[in-house]
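As structure tokens, the structure follows; a few thoughts come after it.
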Amino acid sequence: MSFPVLSAVAWPYANALLHVGNLAGAYLPADIFTRYQRMKGRRVLMVSGSDAHGTPILVRALDEGSTPEAVYRYYHERFLELWQKLGISFDLYTSTHTENHFRVSQTLFRAIYDNGYLFVAKEKQWYSPTFGFLPDRFVEGTCYICGYENARGDQCDKCGNLLDATKLINPRSRIDGSIPELRETEHFYIDLPKLQSRLEAWLETRVGRWRPLVVNFSLGLLRSEGLKPRPITRDLKWGIPVPLEGWEHKVMYVWFEAVIGYLSATIEWAQLAGDPKAWYDWWYAPEARTYYFIGKDNIPFHALLWPAQLMAAGPRFGALWDGTQAEFNLPYDIPANAFLNLEGQKISGSRNWAVWALDFLSRYDPDPLRYYLTQVMPEHQDTDWDWAHFLRSNNEELVATWGNLVHRVLSFTYRHWEGRIPEPGPLTAEDQALLTQIEAGFAQVGEHLEQVRLRAGLQEAMRLAREVNRYLERRAPWALVKQEKKDEAATVMYTALQAINHLKLLFAPYLPHTSEALHRMLGFTQPLFGSLVVEDVEDALGPRRILRYRGEEATARWEPQPLPAGQTMEKPTPLFRKLDPGIVEEERARLGRPADTSTT
RNA sequence: GGCGAGGUAGCUCAAUCGGUAGAGCGGGGGAAUCAUAAUCCCUAGGUUGUGGGUUCGAGUCCCACCCUCGCCA
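This is the structure:
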């Protein structure tokens, strides 16, 4: 069955580097799932981008005496570098600071406004004579709950309570220490109570199919407190201007605007592809399936607020955008992951209690990281990154089971059959049984991948690799060669090579780099996968860089691929490096150390 | 404090509808020598967070409590 698939991946805030927890939560699961969908031949698109706006980027810029734009551009570059090194195969990785995203967001805002889901309300906020209205976290003062003198407007770091910023005692601006005053301001609110019953009816159709964490939590929020109107504009200069006369000096709240990126990135992709209507396949076609890969902290935004925005805009968006009239597709699934801890503690960037992804990849290869992160992927509960466990995962599982299987088969064949895939005699029942079992993996691993049970899929593939190791022990081709039964040994090695060639594909969504390397060693000349290309583009907001997966040359299919006898192999080299146990203490010693994370 | 998700073998995790608690790794013993000392076979081990309840039967359903995490206040 074929249907369009959209892999919508959380947009990282461009104000900090990404760590392994971010990868395990959203980026790696999305990539594994998407590579599988491509191999199935489905019309799949994976999109995301850097979240360029919002207060965290302003904070970072102020802390460093830089500008929000410079901060965003620095981290955006680091993200592009990471996706290329780790092989996160976005069809388009863009950002929210694009002319297209501005237009799409403003059109969606306008559609929601036209449909009567917005209203204006007045509120009081701290106003600094030097800056203007201050975001809550830009105000410091004495906590009215515990008396701590350096509480932020949004939350007190001492007692942990979330605060009402207007109640802070002795407020001062975090930017320049100036004393702010309370002033009245006006903002647009989205009228979520109007959408409550429609959202609830829609979420109920997801019960039993979505992860309990996602659907029960979202329904619980709706039923216990009900949705309240939520502000969607702010008094800032960095962001997307409100598209209404007299409001241009205010910008959209970043929670409202960033999720629109899923839509705007799809539209941008269609424009780059030279087919500006191609995005209809994912957003309008009723059979399309849209998957949102996020961490659990993001559930309300994707299961409640983003669907509410899509419902509120409705066909009015298309009417304003290009004259079409259709309802948007709502999320088909939101396979949110829990959190990855680190050595028993929560990951904390500010305390440098983190394994930074780019730093990791400066010392280790991408596929061992992908393997370990899949093994500990927090699909049902919080899990833990442990360096000793990473070492064992690499040395005792990846190297020992899969890497060793490949190496023993390839090197033995290469030595005894002049570097060619041997010509087999008639396959015995045992040979045939092995191949049947491995070929069944396409259905079994595939079913796990369809259900976004990524760990289970990888475990099944590893089980099959062990089956091939067991087959080799039983058939002992090394003994057959010594007994002058080389023809029989040729059949065994042919069978084992076919099995490995299948496993190469079963592992490919998880371990794309080493599957590609194995593919070449087996003598294939057309690549399994395409490549990730960074491109320079320019619009009214200036030059910028995007990442695109170019899959025109890719040949990987989710089905057994023949490996012809007589095909010339490459001289085999190990797929994986065995790691020195000393890395455990080395890496642990890095944790918690102050690190230079400045952007300049 | 409210809502939600979790708590299962030394470690990381499974367990459809309630039906003999499983796998990998690690530990112990053995075989083999093609392979990065990797592999293969055998084996040890758990009062399923605690205490009650429903049931012929509970990891699973109900109640209370403890702990972890997320969202909200």
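Take the first sequence: its position 479, counted from the start at 1, is 497 in the numbering used here, and no numbers get skipped.
Beta carbons: idealized from backbone N, C-alpha and C, even for Gly.
- Query: Touching or not, the region 549-556 and the region 496-509, by the rule of three or more beta carbon pairs under 8 Å?
  - Reply: Counting C-beta pairs closer than 8 Å gives fewer than three between the region 549-556 and the region 496-509, which falls short of the contact rule.
- Item | Neighbourhood of Arg538 by C-beta, 7 Å cutoff - its chain only, sequence neighbours within 5 removed | For Arg538, where only same-chain residues beyond five positions count, the Cβ hits under 7 Å are Glu588.
- Would you call the region 325-333 and the region 120-137 touching, i.e. three or more CB-CB distances under 8 Å? Three or more pairs of CB atoms, one per stretch, sit closer than 8 Å, so the region 325-333 contacts the region 120-137.
- DSSP three-state call for Ser68: helix, strand or coil? Ser68: strand per DSSP, three-state reduction.
- Task: Report yes if the CB atom of Arg192 is closer than 9 Å to the CB atom of Leu181, and no otherwise.
- Result: Between Arg192 and Leu181, the C-beta gap is not smaller than 9 Å, which leaves the two residues out of contact.
- Message: To the nearest angstrom, how far is the alpha carbon of Ser616 from that of Leu597?
- Response: Residue confidence for Ser616 is low, a pLDDT of 46 falling below 50, so the modelled location carries little weight; the figure read from the coordinates is stated next. A straight-line Cα-Cα distance of about 31 Å links Ser616 and Leu597.
- Task: Could you pull out every residue in the same chain whose Cβ sits closer than 6 Å to the Cβ of Glu263, ignoring the five residues on either side in sequence?
- Result: Hits under 6 Å: none found.
- With 16 other CB atoms within 10 Å as the buried threshold, where does Ser380 fall? Sixteen is the threshold: since fewer than 16 other Cβ atoms of the shown chains lie within 10 Å of the Cβ of Ser380, the residue is exposed.
- Query: Tell me which same chain residues have a C-beta within less than 6 Å of the C-beta of Glu204, skipping the five on either side of it?
  - Reply: Cβ neighbours of Glu204 beyond the five flanking positions: Val138 and Lys140.
- Per DSSP, what kind of secondary structure is Asp449 in: helix, strand or coil? In this structure, Asp449 counts as helix in the three-state DSSP scheme.
- beta strand (DSSP E) containing Pro189: first to last residue? Run containing Pro189: Ile187 to Ser191, per the beta strand (DSSP E) assignment.
- Query: Relative to the alpha-carbon of Lys246, which residue among Leu322, Gly226 and Val394 has its alpha-carbon at the smallest distance?
  - Reply: The option with the nearest alpha carbon to Lys246 is Leu322.
- Message: Rounding to the nearest angstrom, what Cα-Cα distance links Ala34 and Ala183 in this structure?
- Response: For Ala34 and Ala183, the distance between alpha carbons rounds to 25 Å.
- Alpha carbon to alpha carbon, how far is Leu98 from Ile106? Taking the Cα positions, Leu98 is about 10 Å away from Ile106.
- Item | Three-state class that DSSP yields for Thr401 in the structure shown | Strand at Thr401.
- What did DSSP end up calling Gln173 once you bin it into helix, strand or coil? In this structure, Gln173 counts as strand in the three-state DSSP scheme.
- What's the C-alpha gap between Asn359 and Asn370? One C-alpha to the other measures close to 13 Å.
- Query: Whole-angstrom Cβ separation of Phe594 and Gly421, contact assumed at under 8 Å?
  - Reply: Taking the Cβ atoms as the reference, Phe594 lies roughly 4 Å from Gly421, within the contact range of under 8 Å.
- Item | Residues near Pro147 in its chain [Cβ-Cβ closer than 7 Å; skip 5 each side] | Closer than 7 Å at Cβ, skipping near neighbours: Ser196.
- DSSP on Lys103, reduced to helix/strand/coil? DSSP, read as helix, strand or coil, puts Lys103 in helix.
- Report yes if the C-beta distance between Arg473 and Ile352 is below 9 Å; otherwise report no. Taking 9 Å as the Cβ cut-off, Arg473 and Ile352 do not qualify as a contacting pair.
- Item | Length-filtered (4 minimum) alpha helix (DSSP H) runs lying within the region 274-337 | Restricting attention to alpha helix (DSSP H) runs no shorter than 4 residues, the region 274-337 encloses them at 279-290, 298-301 and 324-331, ordered along the chain.
- Message: If distances are taken between C-alpha atoms only, which option among Ser68, Tyr280 and Gly584 comes closest to Val122?
- Response: Among Ser68, Tyr280 and Gly584, the Cα nearest to that of Val122 belongs to Tyr280.
- Segment contact, 8 Å Cβ cut-off, at least three pairs: the region 206-222 with the region 156-167: Not touching, per the Cβ criterion.
- In three-state terms, what does DSSP make of Gly238? DSSP places Gly238 in helix when its eight states are reduced to three.
- Message: Measuring straight from C-alpha to C-alpha, what distance separates Pro22 and Leu152?
- Response: Separation of Pro22 and Leu152 (C-alpha to C-alpha, rounded to the nearest whole angstrom) is 44 Å.
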